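Enquirer:
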Amino acid sequence: MSNIIEIKDLHFSYKGDEETPDVEVLKGIDLNIEQGEFVAVLGHNGSGKSTLAKHINAILLPTSGKVLVDGIDTADEQRLFDLRQRAGMVFQNPDNQIVSSVVEEDVAFALENLGVPYEEMRRRVDESLKAVNMYDYRLHSPSQLSGGQKQRIAIAGVIAMEPKCIILDEPTAMLDPQGRREVMATIKRMNKEKGITIVLITHYMDEAAQCRRVVVMDKGRVVMDDSPKAVFSRVEEVKSIGLDVPQVTELAWELRKAGCDIPGDILTEEECADAIERLFRS
Amino acid sequence: MLRDITIGQFFPGESLIHRLDPRFKIVMTLLYILMLFTGSHILCLAVGTVYTVMAIALSKIPLKMFLKSVKPLLPFLVITAAINLFLVNTGDVLFRWRFLKITEDGLNISLFMIIRIVLLIMGSSLLTYTTSPIALTDAIERLLSPLKKLHFPVHELAMMMSIALRFIPTLIEETDKIISAQKARGAEIDTGSMITRAKNMVSILVPLFVSSFRRADELATAMECRCYNGGEGRTRLRQLKAAPRDFIALAVTIIFYAAAITVSILLK
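Residue numbers (this note's numbering), protein chains in the order written: chain A, 994 to 1275; chain B, -7 to 260.
Printed below as a string of structure tokens:
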């Protein structure tokens, strides 16, 4: 498998002025993501995770270092649209990323910008709307939809570009539990069925636990990069940088501290229930 | 409390008038306005009235809605009529009381003005009643597109209009929330004198503006991420294709226009 995203020694500073010094947000990040991966990026506020995300489709350019997406250097202005087509982005607030007053026209927005001919556009818009299960709402106004539905429309708008990779910057932070479930299910399906690489920036631990790989950031550096099981079994370390672990992991960890014989890498409720059952049996 | 504000007063429907191409509807409305203003004889207005009544009947929108659209302009109508009634001095005197006198010409002219304005309002309401704001914006963009050659930012204007339309419901909802939040902290918004109330509006407008700027910033980034690059080389999902019915409707309008002109020439 080839790397879709290659980040080499990425540094980024927000420029200050005469009174305020430059603020270094990213302090040397090396990260490779393979085509088809499902990666969560965790970190508390100010860890640099959103800044990192904005580098992947050239909203921000590195102060030093390199970001390559599908072999394209993000600093290459000539290929900017090429790049943004390959790496789509979904933001936190669904209201602030929907452009049109009609759902299907919003999904078509990127295609209109790219000058895709009508027949091709029609086909891609319909396919994308069906992929996120919003086809029946294609003629609605976004203001009639719930947060989760709006976010799925935003995802459809990105999928219509047929990207290789989608970066989602806390897409569920403003949604209710129902909306969060819908969005997570949609993202997972895109990864599984279309093989689209997913980079999910989140601060929900249970969402990170559903990914295959978790990258933990703290103070502008990558501090952990492993499977969710391996990351969350380092409970103390995770807590020391101001993050939580999923509730069941924490329960298992407390039980272990209390002297129970229970595995330290529990992530799901089922695993936890099984482990506790075994504990009682033995 | 702000939920029932609608902009443009669009009544969705499937009538013939609804289904007409919005570009044609705009052109026909312009012709209609010309027709009302070129005719100088009361018979021209009769032609206009027939046209309006026909169009309203075809739109299947209750007449009540059209009368409602005239209502806000009633004071204006009354003043126009009164000025014409009392200030036109030519013709036979019909009525005299101290220094006021009403002449035949004055009566004719004020009636003429009232009918003209009422027809004008009803006809242009028909356009916004039967065309969604987004379709209107789209049609305006296409009708003005020849101006692009003169470097007039047609696409940018249309984009601004459609984004404004898109954000109206969002901002209404937000204003509602801000009002509730300020009320919860003891702000008195609907009490006090006009001046106090105006001052209290500041506590609503400031947060609304701040959040609008944040929204604008995020929206701009989101648009860039989806390869927005101005109007150059854009294609459109919404296709406007003129159907035979559009040409028929346009032809009917032109015939009415010609009739009105003929009448005013013949009866001069």
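Backbone N, C-alpha and C define an ideal beta-carbon position, used for all residues, glycine too. Please read these numbers as outputs of a predicted model, since none were measured by experiment.
What beta strand (DSSP E) runs, 3 residues minimum, are completely inside the region 1049 to 1134 of chain A?
Expert: Listed in chain order, they are 1057 to 1062 and 1080 to 1083.
Enquirer: Helix, strand or coil: which one does DSSP assign to C219 (chain B)?
Expert: The answer is coil: DSSP assigns C219 (chain B) none of H, G, I, E or B.
Enquirer: Taking 9 Å as the threshold (C-beta atoms), are V1034 (chain A) and L1193 (chain A) in contact?
Expert: Closer than 9 Å, so yes.
Enquirer: To the nearest angstrom, how far is the alpha carbon of I(-3) (chain B) from that of L163 (chain B)?
Expert: With a pLDDT of 44 at I(-3) (chain B), under the threshold of 50, the modelled position of that residue is not reliable, and the figure given next carries that caveat. Straight-line Cα distance between these residues: approximately 12 Å.
Enquirer: Can you give me the Cβ contacts of G1257 (chain A) inside the same chain, cut-off strictly under 7 Å, excluding the 5 residues immediately before and after it?
Expert: If we look at G1257 (chain A) and ignore the five residues flanking it on each side, its Cβ neighbours are S1226, A1245, W1246 and R1249.
Enquirer: Between the C-alpha atoms of A252 (chain B) and L59 (chain B), what's the straight-line distance to the nearest angstrom?
Expert: Those two C-alpha atoms are separated by around 24 Å.
Enquirer: So if I threshold CB-CB distances at 9 Å, which residues from the region 1089 to 1102 of chain A count as touching chain B?
Expert: Answer set for the region 1089 to 1102 of chain A: N1089, Q1090, I1091, V1092, S1093, S1094, V1095, E1097, E1098, D1099, V1100, A1101 and F1102.
Enquirer: Could you tell me the distance, in whole angstroms, from the CA atom of M105 (chain B) to the CA atom of T72 (chain B)?
Expert: M105 (chain B) and T72 (chain B): Cα-Cα distance of roughly 8 Å.
Enquirer: Report the CB separation of P1055 (chain A) from F1102 (chain A) in whole angstroms; it is logged as a contact under 8 Å.
Expert: So it is not a contact: roughly 28 Å between Cβ atoms.
Enquirer: Listing by chain order, which chain A residues have their CB less than 8 Å from the CB of I240 (chain B)?
Expert: Here the premise fails: no neighbours, minimum Cβ distance about 26 Å.
Enquirer: Taking the straight line between their C-alpha atoms, what separation do you get for E1263 (chain A) and D13 (chain B)?
Expert: Cα-Cα distance, rounded: 59 Å.
Enquirer: State yes or no: is the C-beta of L1104 (chain A) within less than 9 Å of the C-beta of A1153 (chain A)?
Expert: Going by C-beta atoms, L1104 (chain A) is nearer than 9 Å to A1153 (chain A).
Enquirer: Would you please verify whether the beta carbon of V1109 (chain A) is less than 9 Å from any beta carbon of chain B?
Expert: So yes, V1109 (chain A) belongs to the interface.
Enquirer: Taking Cβ-Cβ distances below 9 Å as the criterion, which residues of the region 1118 to 1131 of chain A are in contact with chain B?
Expert: From the region 1118 to 1131 of chain A, only V1118 have a Cβ closer than 9 Å to chain B.
Enquirer: Mind listing the chain B neighbours of N1050 (chain A)? Cutoff is C-beta to C-beta under 7 Å, in chain order.
Expert: Ordered by position in chain B, the residues that pass the 7 Å Cβ test against N1050 (chain A) are C217.
Enquirer: In its own chain, which residues sit with a C-beta less than 6 Å from the C-beta of Y43 (chain B), not counting the 5 before and 5 after it?
Expert: Cβ within range, chain order: F248.
Enquirer: Could you check how far apart the C-beta atoms of R1235 (chain A) and L1019 (chain A) are, in whole angstroms? I think they sit under 8 Å.
Expert: Here the sequence assigns Gly to residue 1235 (chain A), which means Arg is not the residue at that position. Not really, about 18 Å apart at Cβ, beyond 8 Å.
Enquirer: Below 9 Å between beta carbons: does that hold for V1092 (chain A) and I155 (chain B)?
Expert: Their beta carbons are under 9 Å apart, which means V1092 (chain A) touches I155 (chain B) by this criterion.
Enquirer: Please state whether DSSP places H10 (chain B) in a helix, a strand or coil.
Expert: Helix.
Enquirer: If contacts are defined as beta-carbon pairs under 8 Å, then L1003 (chain A) and V1060 (chain A) qualify, I think. What distance do you get, rounded to the angstrom?
Expert: Right, the Cβ-Cβ distance comes to about 6 Å (below 8 Å), so this counts as a contact.
Enquirer: Excluding five sequence neighbours on each side, which residues of the same chain lie with their C-beta closer than 7 Å to the C-beta of S1043 (chain A)?
Expert: Closer than 7 Å at the Cβ level, and outside the excluded window around S1043 (chain A), lie D1162 and I1194.
Enquirer: So for G225 (chain B), helix, strand or coil by DSSP?
Expert: Of the three classes helix, strand and coil, the one that applies to G225 (chain B) here is coil, per DSSP.
Enquirer: Any beta carbon from chain A within less than 9 Å of E165 (chain B)'s own beta carbon?
Expert: So, interface residue.
Enquirer: Can you list the residues of chain B that F1005 (chain A) reaches, using a CB-CB cut of under 8 Å?
Expert: Under the 8 Å cutoff, chain B gives no residues; its nearest Cβ is about 16 Å from F1005 (chain A).
Enquirer: What residues from chain A crowd round R228 (chain B), counting only those whose CB sits closer than 7 Å?
Expert: Near R228 (chain B) (Cβ distances below 7 Å), the residues of chain A are E1105.
Enquirer: Could you please tell me which residues of the region 133 to 158 of chain B, in chain order, have their CB closer than 8 Å to any CB of chain A?
Expert: Cβ contacts with chain A come from S154, I155, L157 and R158.
Enquirer: For the region 1070 to 1082 of chain A, which residues have a CB atom closer than 8 Å to at least one CB atom of chain B, in sequence order?
Expert: Of all residues in the region 1070 to 1082 of chain A, F1074, R1077, Q1078, G1081 and M1082 have a Cβ within less than 8 Å of some Cβ in chain B.
Enquirer: Where does T82 (chain B) fall in DSSP's three states?
Expert: T82 (chain B): coil per DSSP, three-state reduction.
Enquirer: Could one say the Cβ of P1135 (chain A) lies closer than 9 Å to chain B's Cβ atoms, at least one of them?
Expert: At least one chain B Cβ lies under 9 Å of P1135 (chain A).
Enquirer: For L35 (chain B) and S61 (chain B), I'd like the C-alpha separation in whole angstroms.
Expert: Looking at the two C-alpha atoms, the distance is approximately 24 Å.
Enquirer: Could you tell me which whole beta strand (DSSP E) segments of length 3 or greater appear in the region 46 to 99 of chain B?
Expert: DSSP runs (the beta strand (DSSP E)) wholly in the region 46 to 99 of chain B: 85 to 89 and 92 to 95.
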